[in-house]
Structures are given as structure tokens and as C-alpha cells.
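J.: Submitted below is the structure of interest, expressed as C-alpha cells.
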Amino acid sequence: MGLGVILLAGGRSVRMGEDKAVLDWGGRRAVDRLADLAAVLGASRVLTAGGADYGLPRVADLEADGGPVAGLAAAIGPLRQAGCARALALAVDAPTLRPEDLAPLLASPSPGAAFEGLHLPMVFDLAAAPAEAAAGWPLARFVERAGLARLACPEAARLRLRGANTPEERARLLDARDPAE
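If you read the sequence shown in the working numbering, its first letter stands for residue 8, the second for the next number, and so on.
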């Protein structure tokens, strides 16, 4: 079962004040850190959804400012065409994620899972994606309609899983980072 990774990068980064995908995290852009993580996880295809051209394969959101579900829906067809059966959706604002943070999601049975209290990251079988998913849908609706399980969020990983939407949240994540990262 091929794993595709969708890096959701279509937001306007209003609270951060600049494009979160290109922010420096330990000498590398956020989008590059997440693409590297996808490779470590064995992804057969990585797509950025929405946002600018970051030098990675990308799909445009179904509708500009259509929210994260617009990015998910836009990526599903290309991932299927690439032979993927499952997708891991990651927000570009969570570049300090570690493989062990995502292990429970990746090990979840069909149709997939998300953590309690968080809609991203999520893992879902492409076949379970709601065909009617559209721009403007809340992520909670996508999770519910896809039938995803809700897993307990590992407390030690909560900050990394939540990501950084503001400069203050980014500073906390940078301070909490392992110096080896």
C-alpha cells in the first residue's frame, strides 16, 4: 500500500505574518523538513497543496482560500494516479514532527486516524475520502465523513503535533527542539 504525503501549504499565514512554509527551522525551510520526514516514513509521493512553488511537486487548491480540505481534495486524484492507497496529511506549520510522533497514525487500521483534539496530522485511506469533500469544509467534517478513528494524543508530542501558527508558538517549538535536530 503506497503512502502519499500531502503538505498543506495553502494558508495565508496571517497570524504568523509570513509564509510558514519558508520559515527557517534549524537551517532548513519548514516545507523541506517535512518533505524529508515524508521520505523517512517511506512515502512514495509527496505533494504540496496550495501555496507557492516550493520546488516540490504540487497541486493547486480546488479553490483559493478554500481551507485545508481544498488542498486534501486536490491531492487525492494525483496520489491515486501515483499508485498511493493511503495519505498522510501534514500542516506545513509543524516542521518539528518526528517519525515516532506519527507512528500511531501510520499504524492505524483502515480507514485511518487523527489525534483527539487535533485534525492534523491525519492518515486516511484514499478510498475513504468523502467524494463530496469541498473547499470550505471544516477538517472535522472530513475526518468524520472519512470514518477516521480518534487516537489519544501523545502528551510528549502535543506541541510538535499542534505546530506553530504564531511567532510565539514558533518560539516555543524552537526552544523545545532537540539540539540534534
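From the three backbone atoms N, C-alpha and C, an ideal C-beta is built for every residue, glycine too.
1) In whole angstroms, what is the alpha-carbon distance linking Ala59 and Phe149?
2) Measuring straight from C-alpha to C-alpha, what distance separates Pro174 and Leu181?
3) Do Ala82 and Ala56 count as a contact pair if the criterion is CB distance below 7 Å?
4) Quick one: residues in its chain with C-beta nearer than 7 Å to the C-beta of Asp39, no 5 flanking neighbours on either side, listed in chain order?
5) Identify, in the order they occur along the chain, each residue of the same chain with its Cβ nearer than 7 Å to the Cβ of Gly170, setting aside the five sequence neighbours on each side.
6) According to DSSP, which residues form a beta bridge with Trp32?
7) Between the Cα of Ala106 and those of Arg36, Arg167, Arg179 and Gly9, spot the shortest distance and give me the residue it belongs to.
8) Following the continuous alpha helix (DSSP H) through Gly78, name the residue where it begins and the one where it ends.
9) Answer with buried or exposed for Val12, where buried requires no fewer than 16 other C-beta atoms within 10 angstroms of its C-beta.
10) For Thr103 and Leu109, what's the separation of their Cα atoms in angstroms?
11) Measuring only the C-alpha atoms, how far is Leu214 from Leu48?
12) Can you tell me whether Asp108 is helix, strand or coil according to DSSP?
13) Taking only the alpha-carbon atoms, compute the straight-line gap between Ala134 and Ala114 and give it to the nearest angstrom.
14) Less than 6 Å between C-beta atoms, sequence neighbours within five positions excluded: which residues of the same chain meet that for Ala142?
15) Let me know the secondary structure DSSP gives Arg184 once reduced to three states.
16) Measuring CB to CB, does Gly154 end up less than 7 Å from Cys91?
17) Quick check on Val99: does DSSP put it in helix, strand or coil?
18) What are the start and end residues of the alpha helix (DSSP H) that includes Ala71?
T.: The answer reads as follows:
1) Along the sequence shown, read from residue 1 onward, the residue named residue 59 stands at position 52. Along the sequence shown, read from residue 1 onward, the residue named residue 149 stands at position 142. Near 24 Å, if we compare the C-alpha coordinates of Phe149 and Ala59.
2) Here residue 174 corresponds to residue number 167 of the sequence shown, with the count starting at 1. Here residue 181 corresponds to residue number 174 of the sequence shown, with the count starting at 1. Cα to Cα, Pro174 sits roughly 10 Å from Leu181.
3) On the sequence shown, position 49 is the one that residue 56 refers to. On the sequence shown, position 75 is the one that residue 82 refers to. Result yes, Cβ atoms of Ala56 and Ala82 sit closer than 7 Å.
4) Reading the sequence shown from its first residue, position 32 is the one you call residue 39. Hits under 7 Å: none found.
5) Looking up residue 170 in the sequence shown gives position 163. If we look at Gly170 and ignore the five residues flanking it on each side, its Cβ neighbours are Ala98, Asp100 and Ala101.
6) Locating residue 32 in the sequence shown gives position 25, where the first residue counts as 1. Arg35.
7) Within the sequence shown, the letter at position 99 stands for residue 106. Reading off the sequence shown, one finds Pro at residue 106, where the question assumed Ala. Measuring from the Cα of Pro106, the nearest candidate turns out to be Arg167.
8) Numbered from 1 along the sequence shown, position 71 holds the residue referred to as residue 78. Where Gly78 is concerned, the enclosing alpha helix (DSSP H) stretches over Pro75 to Gln88.
9) Within the sequence shown, residue 12 is the residue found at index 5, counting from 1. Val12 should be labelled buried.
10) In the sequence shown, residue 103 corresponds to position 96, counting from 1. In the sequence shown, residue 109 corresponds to position 102, counting from 1. Whole-angstrom Cα-Cα distance: 12 Å.
11) The question about residue 214 has no answer here: the residues shown for the chain are numbered 8 through 188.
12) On the sequence shown, residue 108 is found 101 positions in, with the first residue counted as 1. Correct three-state label for Asp108: helix.
13) Working through the sequence shown from its first residue, we reach residue 134 at position 127. Working through the sequence shown from its first residue, we reach residue 114 at position 107. Their backbone Cα atoms lie some 17 Å apart in a straight line.
14) Taking the sequence shown and counting its residues from 1, the one referred to as residue 142 is at position 135. Leu69, Glu70, Gly73 and Ala77.
15) Position 177 of the sequence shown, counting from 1, holds the residue named residue 184. Three-state result, Arg184: coil.
16) Here residue 154 refers to the residue found at position 147 when the sequence shown is read from its first residue. Here residue 91 refers to the residue found at position 84 when the sequence shown is read from its first residue. No, these two residues do not count as a Cβ contact at 7 Å.
17) Along the sequence shown, read from residue 1 onward, the residue named residue 99 stands at position 92. In the structure shown, Val99 sits in coil (DSSP, three-state: anything other than H, G, I, E or B).
18) For the purposes of this step, residue 71 is identified with residue 64 of the sequence shown, where counting begins at 1. Neither: Ala71 is in no alpha helix (DSSP H) and is coded neither H nor E.
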